[in-house]
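Chains as they are written, first to last, in the numbering used here: chain A, 112 to 430; chain B, 10 to 268; chain C, 1381 to 1637. Even for Gly, the Cβ is constructed at its ideal location relative to N, Cα and C. What follows is a short report on a single structure.
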Amino acid sequence: MSALLPRAAQVKRAAWLLVAILGLCVLWELYKLLMPDDGVSIGDTLVLPRTDDASMPHISEIIGTFDDPEVAGAAQASTVGSAVSSAAWYSLRLAAAGFLFGSLVGFALALLMQRVRIAERALMPWAVLSQTVPLIALAPLVYGWGANLTLFGLDWQPWMSVSIISAYLAFVPVTVGALRGLQSPPAVQTELLACYAASWWQTVLRLRLPAAVPYLIPALKLAAASAVIGAIVAEISTGLAGGIGRLIITYAQQATGDPARVYAPIIGAAVMGIVAVGSITLLDIGLRRFQGIPEPSAEPDIAGSVGGGPVLRPWRSRA
Amino acid sequence: MRRLRSAWSAAWPPLAFGVAFLALWEAFVDWRDVEPFVLPKPSVIWEQLTENLDIITRAMWATAQNALVGLAIGVVAGLLMAILAARLRTLDELLTPLSAAVAAIPIVALTPVLNTMFSTTSSIPRRLIVAIVVFFPVFVNTARGLRRIEPVHAELMRSYAAGPWTTTRMVRLPGALPFFFTGLRIASSTAVIAAIVSEYFGGLQKGLGPAITSAAAASAYPRAWAIVVAAIALGLVFYLAAVAAEWLAMPWRRLSVAP
Amino acid sequence: MSDAITIAGVSKRFGSGATAVHALESVDLVVGPGEFVSLIGPSGCGKSTLLRIIADLIPPTQGTVVVADKPVGTARLDQEYGIAFQQAGLLEWRSVRANIELPLQLHGVGRAERRARAMELLELVGLEEFADHHPSQLSGGMQQRVAIARALAPRPALLLMDEPFGALDEMTRERMQAELIRICAETSAAVVFVTHSIPEAVFLSRRVVVMSPRPGRITATVEVPDVVRNEDFREDERFYAAVTEVREALRGRLAAA
């Protein structure tokens, strides 16, 4: 949904979101209360989780863990909370770098594909396909480039592996969304500009680009979310120090001693995702003057435009 | 005959690009003497793939099972919830903003939590993660489809004095099918991705994810790349299965429009 | 035989207070059994609103409408009319045959009887070969013919049509008009036909009811001579005379508004 809702509706949505989150917390505690400590098993397999404090900490414990000192009894006490926020900030920067690079490349590629028809026909199927396959599986391999690679005179830093994964995951939705957007103006508008003898670049600047905004925004949101996920997963599969992925693994390993701790970086990761997508929403607000363009057809906003979707509203006039 | 020709004209540019890309890759590795830990040659990757086929297939099967079970649970849950949300406004109001928020966060990060809740030797945490990841696109898309009804159809059903349940059964549900399948297409590929990613969080070492990391750790990079190719193939299989299901379920969409 | 429709003192107001829209004001109209009546007028004159009130899709603010001697609500429940809109509104997942069967299916008609009736109607509109096709395979004109067949399925005594040919090109329109004449002759249903097009209204109907906007009301009624409606009629003097009369009626009112 690239069109912004009116103020009242936005507040309403935020309120419902809070209710939903509170509801989940209530469900959590209720489940802890009602279900047996050892969970429910069918035969040997546990089908419903254990509810003892080691497996499912109370919500209060989870909230409390942010204040706990990271290393018990250390001289320079840093809290779990601060460790999580600095790790989240680090990972966010990596994701952002990847996102920016990937989006720029994606957009440039979309421009190329709009200009050169054969490029679109040759590359688009691959772009669409990339959205459906687990490219994230490449993460450990890219990390293997480690510090032993020199590209264009630049030494490959380990963090770059993470950013490049983010970049790849971000670039595909941007390419697909940007191309759809650039191609969205109806023939009547492109023909109008042709009558004015507008050059390709002028047409792009004056017509295609503004028309592409409602398509770009959801694509950028998806790209931002993918970049964050990519960064975290890349960090986990490679164990990059300093990032939130590594922190999740570390705290998960400490889970027997302190079960609530691992929730902190997970919440941090969720916040990262929301910050990333939220910043695109801010961009959307900034670009408000293009919102007059009607919403794209019935394609899902939260995912790639894979193939044609049903267009349910043929615009026929009713006299 | 025309159909075949148009299918070919759509297929040859990407195929040509793919072939050219592989050829260039192969040549580039030779020309610049690229180390295998950076980029192995396609021919070497293929070799590794065929040599290790049995290990790879086993790993594929383990991951596929997780993805499949999670997909099934998530699809059923998403579908039922969408139907419920179409009837109960409150539920819809609750779940829609939540779904939008969840789309931004990395669900797979919850795997360690689930690993503790169940046990690290269980496949259930991964399947649950897949189910959660799958639930949201199916729910959001199906709910969207159920919400819509074309004004002309609404008026028509009213002129037939059809009750709300009849209208839902005859118009809204079939009309929502395309939306459901859009969600399913997204869900099927995401299921494989989530299944692989959740394997990186420790636990059972049977799937494709651990196979890749252990190959990389042993510096057997061409083999690692071969397993990546297998992972990509698995994702493709799931996606194509969803596309096939869509094609089968909606025969009226296969037809071309008369002049 | 009683009248098909009796409209008495119908008014329709949307909204309230200063911003209210007076879509219809004190409309009186009687449609006899088997009579073909057109409603014509500029945008906003309330013709579509009036049609929807007859169909019990929206309630009037004031006044009464009686269809087949029943209040409109009962008439709708008893399926006393069939309706066709500007968009064919066919369900894309049903075959052409199943689309025609829809109203019958909704009212519990048995399968064999439904099929027979559907085939009968398909022959009537000339689409027998397309029985098992899907709407997406049909052109606009063909879809509209299916919509008309569907409207006729429960053998209603009244047919309501809201600019069904509005989305078609002129040549197809004229063909469809001839088709409609033929179909109506065979079913002897009364028809209320909303249109924008003066020649269409004159060609099809016995009476053309001219409406004007702000507020919507009937300003004139033009009787079209009872001449055989075939392609020759389009070149007939009496056709042109009636068209002129309708045009004057529309213009006369517009000038004063």
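Looking at the backbone, the Cα of B/Leu88 and that of A/Ala371 are separated by about 33 Å. Judged by DSSP secondary structure, A/Thr314 falls within the alpha helix (DSSP H) whose first and last residues are 311 to 314.
Collapsing the DSSP output to three states places C/Glu1405 in a strand. Note on the segment 1540 to 1613 of chain C: whole beta strand (DSSP E) runs with a minimum of 3 residues are 1570 to 1575, 1587 to 1592, 1597 to 1603, in chain order. Residue A/Gly292 holds the alpha-carbon nearest to the alpha-carbon of A/Met224 among A/Gly292, A/Leu129, A/Trp270. By the neighbour-count criterion, in which a residue is buried when 16 or more other Cβ atoms sit within 10 angstroms of its Cβ, B/Arg11 is exposed.
Within the DSSP bridge table, the entry for C/Leu1419 names C/Val1574, C/Val1589 as partners.
The C-beta separation of A/Ala330 from A/Ala289 comes to about 7 Å, placing the pair in contact by the 8 Å criterion.
By the CB criterion at 9 Å, C/Val1411 and C/Ile1385 fall inside the cutoff.
By the 16-neighbour rule on beta-carbons within 10 angstroms, C/Ser1475 is buried.
Bounds of the beta strand (DSSP E) holding C/Gly1389 are 1385 to 1394. Pairing B/Thr72 with B/Glu208 gives a Cβ-Cβ distance under 9 Å. Taking every protein chain shown into account, the CB of A/Trp311 has fewer than 16 other CB atoms within 10 angstroms, so this residue is exposed. Secondary structure of C/Leu1538 (DSSP, three-state): strand. At a C-beta separation below 8 Å, B/Thr175 has these neighbours in chain C: Leu1486. In the assembly as shown, A/Arg118 is an exposed residue. Its beta-carbon has fewer than 16 other beta-carbons within 10 Å. For B/Asn124 against B/Gly211, the beta-carbon gap comes to about 7 Å, under 8 Å, which counts as contact. From the beta-carbon of B/Glu102, the residues of chain A found nearer than 7 Å are Trp127. Contact annotation: C/Leu1486 and C/Leu1532 have beta-carbon atoms that are not nearer than 9 Å.
At least one CB atom of chain B sits nearer than 9 Å to the CB of A/Leu234.
Under the three-pair Cβ rule at 8 Å, the segment 142 to 156 of chain B does not count as touching the segment 216 to 231 of chain B. Annotation: the continuous beta strand (DSSP E) that includes C/Gly1443 extends over 1442 to 1447.
Taking one beta carbon from each stretch, the segment 1573 to 1588 of chain C and the segment 1403 to 1421 of chain C have 3 or more pairs nearer than 8 Å; the two touch. Neighbours of B/Tyr230 across chain A, judged by C-beta separation under 9 Å: Leu252, Gly255. With respect to chain C, the C-beta atom of B/Ala254 has no partner C-beta closer than 9 Å. DSSP lists C/Leu1538 as the beta-bridge partner residues of C/Tyr1461. At a Cβ-Cβ threshold of 9 Å, C/Val1445 and C/Val1390 count as neighbours. Straight through space, the alpha carbons of B/Val84 and C/Ala1527 are spaced by roughly 36 Å.
A straight-line Cα-Cα distance of about 9 Å links C/Glu1509 and C/Leu1502.
Within the segment 124 to 155 of chain A, contact with chain B at the beta-carbon level (separation under 8 Å) is assigned to Arg124, Ala125, Trp127, Leu128, Val130, Ala131, Ile132, Gly134, Gly150. For A/Glu172, the CB contacts under 6 Å within the same chain, skipping 5 residues up- and downstream, are Ala371 in chain order. Cα atoms of A/Ala250 and A/Ala366: separation of roughly 26 Å, rounded to the nearest angstrom.
By the rule that beta-carbons nearer than 9 Å mark a contact, B/Ser198 touches chain A. Along the segment 1462 to 1483 of chain C, the positions whose C-beta sits under 9 Å from a C-beta of chain B are Gly1462, Ile1463, Phe1465, Gln1466, Gln1467, Ala1468, Gly1469, Leu1471, Glu1472, Trp1473, Arg1474, Ser1475, Leu1482, Pro1483, read in chain order. Here A/Val373 has Tyr362, Ala363, Ala366 as same chain residues with Cβ atoms under 6 Å from its own Cβ, once five neighbours each way along the sequence are excluded. Chain-order list of chain C residues neighbouring B/Leu165: Gly1469, by C-beta distance under 7 Å.
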